[in-house]
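Notes follow once the structure below has been shown.
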Amino acid sequence: MKKVLILAAALALAFTNVADACTNFIITRGASTDGSNMVTYAADSHALYGSLYSHVPGKYTPYMDIREWDSGRPLGQIAQVPTTYRTLGNSNEHSLFITETTFGGRPELEDPKGGIDYGSLIYVTLQRAKTAREAIQIIVDLANTYGYCSSGESFSLIDKEEAWIMELIGKGPNDKGIVWVARRIPDGYVSAHANQARITTFPWDDPENCLYAPDVADVARKFGWFEGENKDFSFSDAYAPADFGALRGCEARVWAFFRTVASGMDKYEDYAMGHNPKNKMPLWIKPDKKVSPKQVMDCMRDHYEGTKMDMTTDIGAGGEALPYRWRPMYWTVDGVEYCNERATATQQTGFWLMGQARPEKVGILWFGTDDAATSPLTPIYVNSQEVPECLKEGNGSMLKYSDTSMFWITNRVAQFAYLRYNIIGKHVRAEVDKWENQQLEQVKEVDAALANAGGKAKKMQKIATEFSVGTAQQLFDKWVYLDKYLMVKYIDGNVKGEDENGFIDNGNGLDIPGKIEQPGYTEHWKRTVAKDKGEILKVVK
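Here's what the structure looks like:
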């Protein structure tokens, strides 16, 4: 996913055609209602196809090919290891989850000669690590050994016990490797990142909770970005200084999550809006009460509702309260530049997820394709041995439609919902909630079956696989039906009436609708149009 270097509003304007809005929320065990570490990820790109990647350990070969995840560009080969683990998307069989957002940072530090990119770091590391701490060291070793070719990245890493946030960036084209810092999120707290580096100062003598590159401050000193003692060194200020675009387009999504789970966050509103960079938010916060898995899922569906940045309330939302703005993000009127919002839920999502690493239980990858606001998550146990057909790589692409692809059916439903979001979007969201609530209950039954398997790995794998594959196909079939149903019910701006027997006809036996409503537009839209064209549109008595 090509991501913008958010260093200046001018850069953001120049690159809006490829800018993305990846978002990670991290919830520690002590902050969750079910005692699981959780992480979310929206993989956002206008060119990314949503499918569930997998790695199945096979015959050992000395080397493996590396291609840049964004572009497919060959980067070379790295040494393979004798033992690898099965992976499903951004998880592996040991309930390790790794996700990311790109912050770009100082362009001087990119190394186009590097042999591994941020995406490969994630998926190769998942094949080799059992825990978050192991993953951090493997990421460092790979980047320093082969050279790092991407820009700045924030990684989320969770396992059954710990949750970490790691930020890294290259050293420049003449110095192979990365500078980095990783911080363990205190249990009982939540954290987040969304395309802006967030680690500032950090403890230099607490290896249990903070790890870093020995030269993490020295590289900044060399380039003249930092002077002073190590204790005063701020990673984000040195390597990714924030401007208006970084705050409004990135930190605002973190703020939206924080304010949903904790009181008192409105004091950072001016920071989130890009108006007061000095009023910086903390790296993590303690929620008012423990956060449920469903609440975490729903936080990924935010469009700044209830804030000054609410995308449903201005005329840009049209007459149907649409919380989306098509690119470009920045635009100018009479020499004044304006911006559209970059909300957490966005139309260009390829896939998104909520991962649960659960002590004493098998981890779950809740996986969805396309826009989080209109697509449901389906549970995939991390010990599953198959990928559902509707989510398989190769089942369609961004240039090839597939009738059996989850990505394309969720996109079909979303595109129709965008036309009349306050009516059709509301309907779709109700279906999403119904599905996810049902699956959260269903998972409890599967957990019980897994617990009764006597620790027999193959039996547990069979139970998990049958449930995960069958449930995903059930969701696909449900969404195929929903796509057709919505077309019949809402075609041409109408809303056909229903009763307990289905659509209401006129009683003459020819399937002619007997009840049709036309809800029209929002009051705000009507008043705005009246103000703009009232003299022309006014009805003369």
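Numbering (the working numbering), first residue to last: 3 to 543. We put the beta carbon where it would ideally sit given N, CA and C, even for glycine.
With a threshold of 6 Å on Cβ separation, who are the neighbours of ARG303 within its own chain once the five nearest residues in sequence on each side are excluded? Along the sequence shown, read from residue 1 onward, the residue named residue 303 stands at position 301. Once the five neighbours on either side are set aside, the close Cβ partners of ARG303 are ALA347, ALA374, ALA375.
Our contact map puts ILE201 next to GLU169 with C-beta atoms below 8 Å; I'd like the distance itself, whole angstroms only. Stepping through the sequence shown from its first residue, residue 201 is reached at position 199. Stepping through the sequence shown from its first residue, residue 169 is reached at position 167. That belief holds up - the Cβ atoms of ILE201 and GLU169 are roughly 5 Å apart, short of 8 Å.
Need the endpoints of the beta strand (DSSP E) that GLY154 sits in, please. Looking up residue 154 in the sequence shown gives position 152. GLY154 -> beta strand (DSSP E) spans 154-160.
Using only the heavy atoms of the ligand SAH, determine whether one of them is closer than 8 Å to the beta carbon of GLY536. Only the bare structure without any ligand can be found here, which leaves the ligand SAH out of the picture.
Between PHE157, PRO175, GLY78, which lies nearest to PRO24 when the distance is taken from Cα to Cα? Here residue 24 is taken as the residue at index 22 of the sequence shown, counted from 1. A quick correction: the sequence has Cys, not Pro, at residue 24. Nearest of PHE157, PRO175, GLY78 to CYS24, Cα basis: PHE157.
Please state if the CB of TRP257 and the CB of TYR270 are separated by a distance shorter than 9 Å. For this step, residue 270 is matched to residue 268 along the sequence shown. For this step, residue 257 is matched to residue 255 along the sequence shown. Yes, the pair counts as a contact, with Cβ atoms nearer than the cut-off.
I'd like to know whether the C-beta atoms of ARG108 and ILE171 end up nearer to each other than 9 Å. Along the sequence shown, one-based indexing puts residue 108 at 106. Along the sequence shown, one-based indexing puts residue 171 at 169. Contact flag set, yes.
Proximal residues to HIS195 (C-beta, below 7 Å), its chain only, five neighbours per side dropped: Here residue 195 refers to the residue found at position 193 when the sequence shown is read from its first residue. Cβ within range, chain order: ASN26, THR103, SER156, ILE167, VAL256.
Given this structure, state the Cα-to-Cα distance separating LEU159 from LYS282, to the nearest angstrom. Translated into positions along the sequence shown, residue 159 becomes position 157. Translated into positions along the sequence shown, residue 282 becomes position 280. Each residue's Cα considered, the two are about 24 Å apart.
Exposed unless 16 or more other CB atoms sit within 10 angstroms - verdict on ASN454: The residue you call residue 454 lines up with position 452 of the sequence shown. The residue in question, ASN454, is exposed, as its Cβ has fewer than 16 Cβ neighbours within 10 Å.
Same chain, Cβ closer than 8 Å to SER399, neighbours up to 5 away in sequence not counted: Taking the sequence shown and counting its residues from 1, one reaches residue 399 at position 397. For SER399, where only same-chain residues beyond five positions count, the Cβ hits under 8 Å are TYR51.
Rounded separation between THR18 and GLN520 - CA only: Within the sequence shown, numbered from 1, the residue matching residue 18 stands at position 16. Within the sequence shown, numbered from 1, the residue matching residue 520 stands at position 518. Its pLDDT being 32, under 50, THR18 is placed unreliably by the model, and nothing is read from it.
Which same chain residues, not among the five before or five after HIS96, have their C-beta less than 6 Å away from its C-beta? Locating residue 96 in the sequence shown gives position 94, where the first residue counts as 1. Excluding positions up to five away in sequence, the list reads LYS132.
MET66 and GLN358: beta carbons closer than 9 Å? If you number the sequence shown from 1, residue 66 lands on position 64. If you number the sequence shown from 1, residue 358 lands on position 356. No, the Cβ-Cβ distance between MET66 and GLN358 is not below 9 Å.
In terms of residue numbering, what span does the beta strand (DSSP E) encompassing GLU102 cover? What you label residue 102 is simply residue 100 of the sequence shown in a count that begins at 1. 99-106 is the span of the beta strand (DSSP E), which, as asked, contains GLU102.
Does the separation of the CB atoms of SER53 and LEU393 fall below 9 Å? As a working note, residue 53 is residue 51 in the sequence shown. As a working note, residue 393 is residue 391 in the sequence shown. For SER53 and LEU393, yes; Cβs fall inside 9 Å.
Can you tell me which of the three DSSP states ARG130 falls into? The sequence position of residue 130 within the sequence shown is 128, counting from 1. If DSSP states are grouped into helix, strand and coil, ARG130 belongs with the helices.
In this structure, does DSSP put ILE514 in helix, strand or coil? Against the sequence shown, residue 514 aligns to sequence position 512. Of the three classes helix, strand and coil, the one that applies to ILE514 here is coil, per DSSP.
Where does ASP119 land, buried or exposed, given buried means 16+ other C-beta within 10 angstroms? Along the sequence shown, one-based indexing puts residue 119 at 117. ASP119 should be labelled buried.
Pairwise C-alpha distance: GLU322 and LYS535: As a first step, residue 535 must be located in the sequence shown, where it is residue number 533. As a first step, residue 322 must be located in the sequence shown, where it is residue number 320. Rounded to the nearest angstrom, the two C-alpha atoms are 19 Å apart.
Classification of LEU324 by the beta-carbon crowding that lies within 10 angstroms, buried from 16 upward: For the purposes of this step, residue 324 is taken as the residue at position 322 of the sequence shown. It counts as buried.
Burial state of GLU489, where buried means 16 or more other Cβ atoms lie within 10 Å: Working through the sequence shown from its first residue, we reach residue 489 at position 487. In the sequence on display, residue 489 carries Met and not Glu. Looking at its Cβ environment, which holds fewer than 16 other Cβ atoms inside 10 Å, MET489 is exposed.
Around the C-beta of PRO378, are 16 or more other C-beta atoms found within 10 angstroms, so that it is buried, or is it exposed? Indexing the sequence shown from 1 puts residue 378 at position 376. Answer is buried; the Cβ neighbour count reaches 16.
Does DSSP put GLY357 in a helix, in a strand, or in coil? Your numbering for residue 357 matches position 355 in the sequence shown. GLY357 falls in the strand class under three-state DSSP.
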